[in-house]
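Before any comments, here is the structure.
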Amino acid sequence: MDQIHKGLLKRYHTLCTVLGLDDEAKRAILTSWGVESSRDLSQHQLIDICAKLSEQVDEKQGTARLDKLRKQVIAAIGGWLRQTGQPENVAKIKGIAERASGYSDFNKIPRERLRNLIATFNNKVKDARAVDALTDALLMQHYTTPGSFDPSNN
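First residue of the sequence shown? That's 161 in the numbering used here, and the numbers climb one at a time after it.
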């Protein structure tokens, strides 16, 4: 079983959990596809099932979840702008999100792209902080023990 298939299986089971499906409901889904186990489903079948389950999750959660994700994107990009010392405002943040996602309207960015933007910009901030801490430690090592400067020491 390859990584893509494993990922789809994980997504399938996560969606079932989010929807609160019990074993009988899961069994009904599998039976309708002519299999006994979710591992027996092909990647294409899993994609189809996950798409249908995702639609149900979207209906269940409504648009409030998207608004929350949009606010998280604004916070993540704002944090990155602050980290890099750039001025921030909502119009600039939305423009960065649109350009980074390839969409021309901030409110049209789909759920998965919003999640990707949040993770990407949060990781940029974490990485920058880690690099700053490392360079500070290396400078302290250099100045406290001259002549024995080794950047590979942790």
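Each residue gets a CB set at the ideal place from its N, CA and C atoms; glycine is no exception. Computed from a predicted model, the values in this text were never measured in an experiment.
Specify, as a first and last residue, the run of the alpha helix (DSSP H) that V178 falls within.
To locate residue 178, count along the sequence shown from 1; it is residue 18. Start and end: 163 to 179.
Using 8 Å as the threshold, is the C-beta distance between L169 and R199 below it?
The residue labelled residue 169 in the question sits at position 9 within the sequence shown. The residue labelled residue 199 in the question sits at position 39 within the sequence shown. Yes. Within cutoff.
Would you kindly work out how many angstroms separate the C-alpha atoms of S264 and P270, rounded to a whole number?
Here residue 264 refers to the residue found at position 104 of the sequence shown. Here residue 270 refers to the residue found at position 110 of the sequence shown. Approximately 12 Å, taken between the alpha carbons.
Alpha-carbon spacing of A236 relative to F281, whole angstroms:
Walking along the sequence shown from the start, residue 236 turns up at place 76. Walking along the sequence shown from the start, residue 281 turns up at place 121. Straight-line Cα distance between these residues: approximately 6 Å.
According to the Cβ coordinates, are L190 and S197 closer than 8 Å?
As a working mapping, residue 190 is identified with position 30 in the sequence shown. As a working mapping, residue 197 is identified with position 37 in the sequence shown. Going by C-beta atoms, L190 is nearer than 8 Å to S197.
Check each candidate in T305, D162, A257 and name the one with the smallest Cα separation from K231.
To locate residue 231, count along the sequence shown from 1; it is residue 71. Answer by Cα proximity: A257.
Tell me whether the beta-carbon of L277 lies closer than 8 Å to the beta-carbon of A260.
Locating residue 277 in the sequence shown gives position 117, where the first residue counts as 1. Locating residue 260 in the sequence shown gives position 100, where the first residue counts as 1. Contact: yes.
Return yes when the Cβ of Q216 is within less than 8 Å of the Cβ of L179, no when it is not.
Taking the first residue of the sequence shown as position 1, residue 179 is located at position 19. Taking the first residue of the sequence shown as position 1, residue 216 is located at position 56. Cβ atoms of L179 and Q216: closer than 8 Å.
T280 in three-state terms, based on DSSP
Residue mapping note: residue 280 aligns to position 120 of the sequence shown, counting from 1. It is helical.
Using the Cα positions of E219 and D208, report the straight-line distance between them to the nearest angstrom.
Position 59 of the sequence shown, counted from the start, is the residue given in the question as residue 219. Position 48 of the sequence shown, counted from the start, is the residue given in the question as residue 208. Cα to Cα, the separation comes out at about 17 Å.
Suppose you measure from the CA of E184 to the CA of S192; what does that come to, to the nearest Å?
Counting from one through the sequence shown, the residue named residue 184 turns up at place 24. Counting from one through the sequence shown, the residue named residue 192 turns up at place 32. So the alpha carbons of these two residues sit roughly 12 Å apart.
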